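Under the working numbering, think of the first position of the sequence shown as 2, with each following residue one higher.
Just so it is clear, CB atoms sit at the ideal spot from N, CA and C, and this is done for glycine as well.
These figures come from a predicted structure and were not determined experimentally.
First the structure, in the form of structure tokens, and then the observations on it.
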Amino acid sequence: MNRLLSTFVLLITASVPLSARAEVSFVRDIAPILLKRCAGCHGEKANLGGYRIHTFQYLMKAGASGRAEIVPGSPEKSTLYQRIVTPVEAIRMPKSDDALSSAQAQLFRRWIAEGAKFDGSDTTAPLKGLLGVRRHPLAPPVYRAPVPIMALTFTPDGQQILVGGYNEATLWNVATGVLVRRLERLPQRIQALAFSPNGKSLLVAGGTPGEYGEVSRVDFSTGERTKVYDTLPDIVLSAAFSPNGQQIVAGGADGSVRVYDWESGKRLWSSKVHADWVTSVCFSGEGNLVASASKDMTVKLYEAKTGSLYTTYNGHNRQLGRYAGQAPVYAVQFAAESPLAFSAGGGRWIQSWDANLAKNESGDAADMEERFARESHTQYLEHGFAHEVFALAVQDGQVFAASADGILKQFDTKTLREVRSYPCGEEWLFALHVSPTVHRVAVGSYSGEVRVWDTQTGQSVIAFRAQPSTSPKPASYSPKTR
Numbered sequence: 002m003n004r005l006l007s008t009f010v011l012l013i014t015a016s017v018p019l020s021a022r023a024e025v026s027f028v029r030d031i032a033p034i035l036l037k038r039c040a041g042c043h044g045e046k047a048n049l050g051g052y053r054i055h056t057f058q059y060l061m062k063a064g065a066s067g068r069a070e071i072v073p074g075s076p077e078k079s080t081l082y083q084r085i086v087t088p089v090e091a092i093r094m095p096k097s098d099d100a101l102s103s104a105q106a107q108l109f110r111r112w113i114a115e116g117a118k119f120d121g122s123d124t125t126a127p128l129k130g131l132l133g134v135r136r137h138p139l140a141p142p143v144y145r146a147p148v149p150i151m152a153l154t155f156t157p158d159g160q161q162i163l164v165g166g167y168n169e170a171t172l173w174n175v176a177t178g179v180l181v182r183r184l185e186r187l188p189q190r191i192q193a194l195a196f197s198p199n200g201k202s203l204l205v206a207g208g209t210p211g212e213y214g215e216v217s218r219v220d221f222s223t224g225e226r227t228k229v230y231d232t233l234p235d236i237v238l239s240a241a242f243s244p245n246g247q248q249i250v251a252g253g254a255d256g257s258v259r260v261y262d263w264e265s266g267k268r269l270w271s272s273k274v275h276a277d278w279v280t281s282v283c284f285s286g287e288g289n290l291v292a293s294a295s296k297d298m299t300v301k302l303y304e305a306k307t308g309s310l311y312t313t314y315n316g317h318n319r320q321l322g323r324y325a326g327q328a329p330v331y332a333v334q335f336a337a338e339s340p341l342a343f344s345a346g347g348g349r350w351i352q353s354w355d356a357n358l359a360k361n362e363s364g365d366a367a368d369m370e371e372r373f374a375r376e377s378h379t380q381y382l383e384h385g386f387a388h389e390v391f392a393l394a395v396q397d398g399q400v401f402a403a404s405a406d407g408i409l410k411q412f413d414t415k416t417l418r419e420v421r422s423y424p425c426g427e428e429w430l431f432a433l434h435v436s437p438t439v440h441r442v443a444v445g446s447y448s449g450e451v452r453v454w455d456t457q458t459g460q461s462v463i464a465f466r467a468q469p470s471t472s473p474k475p476a477s478y479s480p481k482t483r
């Protein structure tokens with residue numbers, strides 16, 4: 002429903018006697034207005050006048066004046082409502098902006114008069130997380146500019162590649178670089194794409210930065226979103242299947258890690274122990290552990306069944322020793338055939354470590370000095386990139402790393418030596434996927450380019466822009482390389 006129609010409906014309902022109308026819903030009617038018109042000055046970080054509205058709990062607290070902003074049952078005594086309707090621009094809210102419409106002001110008056118009731122599930126939850134599942138708009142028919150590729154995945158047979166776009170995922174023929182079809186009405190930004198074990202469904206995660214996050218299931222044959230596992234108050238940055246395909250894990254910019262049952266959609270557990278964005282999540286090769294990497298320079302490990310914190314890997318935040326360095330972690334992956342985990346981000350190394358040994362080395366404050374004096378079991382692979390590593394993939398004894406240098410590199414997991422380097426242009430590489438079926442690796446860049454390589458020979462297979470247009474780029478399209 003567009004804004005004009007919404008306003009028209011509200012104006013009509015305003016003329017209906019109060020006794021004949023349904024109660025105003027905080028979640029449906031009030032929260033969206035607060036988020037759109039008030040959160041800029043009274044949000045989680047901004048608190049002009051000592052007043053925040055990012056949760057219902059904060060909304061009902063007094064501001065710097067000490068007076069209650071909302072008095073349930075009495076709009077005339079509620080400072081918030083009086084500031085909304087006052088004709089005095091110097092004190093009217095929103096400040097330095099257009100006033101709320103009469104229909105919106107009437108909603109606030111009715112809601113307060115009806116007792117300022119909360120009809121959500123948690124008064125301490127961010128309002129952004131209360132608004133429920135969104136109906137996403139259609140993608141633009143033609144991309145006037147390329148969209149940065151944050152996620153891509155080969156189809157199970159390796160013949161096509163699915164690429165995250167703008168409110169959609171686009172499917173391309175690997176042999177020709179021609180657009181096959183579009184899966185639309187998806188989150189604005191796609192951060193994770195993965196096929197279910199049977200190849201019939203897709204795990205899709207993403208959202209709108211700072212505003213909305215979503216973890217969903219999409220039928221690959223129809224492109225229909227068949228299940229939404231969760232909505233979050235900020236964008237979901239990573240999601241992955243368990244080895245048996247029965248669970249999924251997701252993490253994002255709200256700092257949380259969440260695990261769900263794939264079939265039922267039930268959330269099995271959630272945790273919020275990171276101090277910053279969760280940038281990458283995965284299951285261990287045996288499926289008994291979940292790992293989450295973060296900008297807070299740590300990798301957290303959890304018991305997959307319960308969500309209990311197993312240990313914290315601090316190898317990216319060393320202050321002493323030969324491998325001292327402090328850097329955010331952007332990627333973590335386990336090797337399927339061994340207990341080894343690989344993690345990378347800022348800094349000079351890809352780090353290879355064992356979750357169980359990491360737990361033994363964690364210790365506590367009492368033995369901190371002794372632990373710092375010891376050498377960790379971690380192996381440090383000096384990757385040679387000048388800038389950050391944004392994505393890792395581990396497959397068949399090889400680890401692939403995509404960087405902000407615009408270069409993809411392949412290393413042997415046993416020798417930790419570089420096997421080969423794939424120059425991919427000058428743009429940051431964010432998305433990475435390896436197909437064991439056809440022995441190919443694909444990367445997606447900030448400039449919307451997709452490049453596919455043969456992992457056994459190192460030969461280029463194809464390069465194209467994943468940019469829907471009136472004249473799709475042919476397979477011979479080859480953007481400039483370094």
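It is roughly 34 Å from the alpha-carbon of V164 to the alpha-carbon of S309. Distance check between H434 and each of F119, T156, R84 places T156 closest, using alpha-carbon atoms only. Within a 10 Å sphere around the beta-carbon of A63 sit fewer than 16 other beta-carbons, which makes this residue exposed. Per DSSP, the beta-bridge partners of G346 are V330. Judged by beta-carbon spacing, V175 lies beyond the 7 Å limit of I191, meaning their Cβ atoms are not closer than that value.
Shown here for Q457: same chain residues with a beta carbon closer than 7 Å to its own, the five before and five after excluded, namely H440 in chain order. Your pair A206 and A240 checks out as a contact, with CB atoms roughly 4 Å apart and the cut at 8 Å. Restricting attention to G200, F57, A254, the CA atom closest to the CA of F27 is found in F57.
Cβ neighbours of L81 within its own chain (closer than 6 Å, five residues either side excluded): E70, I71.
Distance check between W112 and each of A342, C425, A23, H137 places A23 closest, using alpha-carbon atoms only. Per the coordinates, the alpha-carbon of E427 lies some 31 Å from the alpha-carbon of F242.
Ranked by Cα distance from V260, the options I236, L290, G407 are led by L290.
In the same chain as T227, and ignoring 5 residues on each side of it, the C-beta atoms closer than 6 Å to its own belong to R218, D220, in chain order.
For K62, there is no enclosing alpha helix (DSSP H), since its DSSP letter is neither H nor E. According to the DSSP assignment, R84 belongs to no beta strand (DSSP E) but to the alpha helix (DSSP H) extending over 80-86. Under the 10 Å beta carbon count, R53 is surrounded by 16 or more other beta carbons and is classified as buried. Secondary structure note for W270: its beta strand (DSSP E) is the uninterrupted segment 268-272.
For G41, the uninterrupted alpha helix (DSSP H) run begins and ends at 40-43, by DSSP. Between the segment 391-400 and the segment 414-431, the count of Cβ pairs shorter than 8 Å is three or higher; the stretches touch.
Exclusion of the five residues before and after V148 leaves G166, Y167, G449 as the residues of its chain whose Cβ lies within less than 6 Å of its Cβ.
Nearest neighbour of A342 by Cα position, chosen from W270, L382, L172, S422, turns out to be L382.
Counting every other CB atom within 10 Å of its CB across the protein chains shown gives D397 a total below 16, marking it as exposed. Between the alpha carbons of S103 and P88 lies a distance of about 12 Å. In this structure, G346 and G326 do not form a Cβ contact; the two beta carbons are roughly 11 Å apart against a cut-off of 8 Å.
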